[in-house]
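What follows is a single structure, written as structure tokens, with notes after it.
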Amino acid sequence: MTTTAARCGFWIAADQRHCGTTDGTRTYLPGERCPQHTPAALAGRPEPPSASITGETEMELRPASQALLRNAIRYAEHGWPVFLLGRTKRPLANCDACKDAGAEHDPAACDCLTCHGFYAATTDRQRIEAMCEAYPRGMLAIRTGAVADLAVVDIDPRNGGALDPALMPRTACVATGGGGWHLYYRHPGGRLAPEVADHPGVDLKADGGYVVAPPSIHPRTGQPYRWIGSHPVIEMAPALVALCRPRETLTVAAPTSPTTARRAGAISSPDALLASILGAVGRAPKGGHRRALYGAARGVARMVAAGAIDQADAVAALTATGREHGQTDREIREAIKGGFRAERVPVAVERRAA
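Quick note on the working numbering: the sequence shown kicks off at 67 and runs consecutively.
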């Protein structure tokens with residue numbers, strides 16, 4: 067029986083023909099593509115390995131310090147920047163010098179090993195080894211977004227999240243220690259919202275975010291994060307990408323205090339990310355604005371933890387958004403406090419005089 071080699075189906079408009087090469091084609095949702103015409107190559111991004119991220123030994127949990135380092139290096143070899151969290155899923159505290167630094171201090175350019183949350187993420191083996199040696203009991207995290215060519219769908223069943231097979235094709239998957247799932251997809255490029263529209267309990271971790279990675283242990287349940295199956299990371303389905311695009315831009319009322327300069331490293335526009343997060347409140351169905359404001363507070367809290375926005379500005383923006391959508395000051399305070407508490411980010415919300 068004779069088999070026909072797959073051919074690249076990319077349409078070359080200038081020549082009015084398909085590429086047609088059989089050299090190293092790989093399967094993508096749009097069809098077979100050669101290395102020059104993969105979605106990543108066309109977007110000017112490096113092509114991630116097609117092999118599965120999971121392997122024979124990386125999920126060994128004994129001894130923990132060796133498993134931490136081994137997994138961190140494996141992820142870095144895939145081009146995924148990694149960093150360490152404390153034992154409560156919160157970024158490690160900044161050093162005293164970084165705490166006292168002014169607005170001119172750029173977290174993306176800071177040389178400190180573990181300061182500024184995901185800004186400390188790296189693929190440098192020596193820095194990774196130093197991190198794991200300094201914090202052998204830390205939780206391993208992967209920075210998401212265009213910098214890693216990763217967009218991770220975060221499904222939380224406790225908040226009504228559920229897998230949609232038609233929308234979320236099989237890809238590299240992690241069962242979280244909290245009972246949810248992380249679906250790893252390649253970043254489609256462009257701006258992405260922090261949630262999947264019309265899918266409650268399903269968030270998206272991309273630019274300005276991170277995910278806890280195996281072999282970390284969940285601080286509440288004591289259960290490990292672990293890889294499920296051996297699927298490689300694939301492209302997002304077009305329908306899924308469409309649901310992750312920002313639907314509108316919300317004008318945020320200017321805070322009364324001076325705005326601290328926002329620096330976000332690989333985040334193309336922290337202000338756009340903030341507007342996208344707050345925009346989810348306006349898109350919430352009738353009766354759902356309070357819950358949406360809580361979700362927005364969690365997203366903004368992550369920006370505060372990463373140093374992308376000042377806490378006072380974050381509270382002012384959330385407050386203005388809550389009032390715009392009919393929330394009382396008490397409801398707004400509760401949403402902000404709850405969202406920041408869930409992300410383990412300290413916050414002070416002043417009670418306004420009646």
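We put the beta carbon where it would ideally sit given N, CA and C, even for glycine.
These figures come from a predicted structure and were not determined experimentally.
Through-space distance from residue j to residue i, alpha-carbon basis
i: VAL262; j: VAL307; result: 9 Å
i: GLY353; j: THR189; result: 44 Å
i: SER323; j: ASP379; result: Per-residue confidence for SER323 stands at a pLDDT of 42, beneath the threshold of 50, marking its modelled position as unreliable; no derived number is given.
i: PRO260; j: LEU270; result: 5 Å
i: THR317; j: ALA272; result: Summary for THR317: the model assigns pLDDT 41, below 50, so the residue's position carries little reliability, and this model does not support an answer.
i: ILE333; j: TRP77; result: A caution first: ILE333 carries a pLDDT of 49, below 50, which makes its placement in the model too unreliable to give a value.
i: PRO312; j: ALA279; result: 26 Å
i: GLY245; j: CYS239; result: 13 Å
i: ARG407; j: GLU195; result: 31 Å
i: ILE398; j: LEU339; result: 20 Å
i: LEU384; j: PRO235; result: 34 Å
i: TYR185; j: VAL219; result: 21 Å
i: VAL413; j: TRP146; result: 30 Å
i: LEU233; j: MET205; result: 30 Å
i: ALA207; j: THR87; result: 39 Å
i: VAL415; j: LYS403; result: 7 Å
For residue i, the first and last residue of its enclosing beta strand (DSSP E)
i: ILE221; result: 217-221
i: CYS239; result: 238-241
i: ARG252; result: 247-252
i: ASP337; result: Premise fails: ASP337 lies in the alpha helix (DSSP H), 336-349, not in any beta strand (DSSP E).
i: LEU258; result: Neither: LEU258 is in no beta strand (DSSP E) and is coded neither H nor E.
Top-ranked residue by Cα proximity to residue i, from the options
i: ARG203; options: ILE221, ALA374, GLY152 and ALA238; result: GLY152
i: ASP264; options: CYS161, GLY226 and ALA279; result: GLY226
i: GLY211; options: PRO223, ALA200, ALA175 and PRO254; result: PRO254
i: ILE375; options: HIS182, ALA175, ARG156 and ALA79; result: HIS182
i: GLY275; options: PRO281, GLU390, PRO231 and GLY373; result: GLY373
i: HIS355; options: LEU108, THR104 and GLY388; result: GLY388
i: LYS165; options: LYS155, THR154, ARG156 and CYS178; result: CYS178
i: ASN137; options: SER342, GLU390, TRP293 and LYS403; result: TRP293
i: VAL370; options: GLY404, GLU409, GLY348 and PRO281; result: GLU409
i: VAL299; options: ASP337, ALA175 and TYR141; result: TYR141
i: GLY90; options: LYS403, CYS100, GLN82 and LEU359; result: CYS100
i: ARG257; options: HIS171, SER342 and ILE221; result: SER342
i: HIS144; options: HIS84, ALA174, VAL213 and GLN82; result: VAL213
i: PRO223; options: HIS248, HIS391, TYR201 and VAL411; result: HIS248
i: GLN377; options: CYS310, GLU98, VAL411 and PRO173; result: VAL411
i: ALA106; options: GLN393, ALA382 and ASP215; result: ASP215
8 Å contact criterion, which residue i and residue j should meet: CB distance rounded
i: HIS297; j: THR242; result: Contact doesn't hold; Cβ gap of about 17 Å is too wide.
i: PRO281; j: ALA133; result: 5 Å
Span of the alpha helix (DSSP H), counted from its first residue to its last, around residue i
i: ARG399; result: 395-408
i: VAL381; result: 377-390
i: ARG421; result: Residue 421 falls outside the range modelled here, since the chain spans only 67 to 420, and no answer is possible.
i: VAL366; result: 355-371
i: VAL307; result: 304-309
Which complete alpha helix (DSSP H) runs does the segment 158-239 hold, if anything under 4 residues is left out?
Listed in chain order, they are 162-166 and 191-200.
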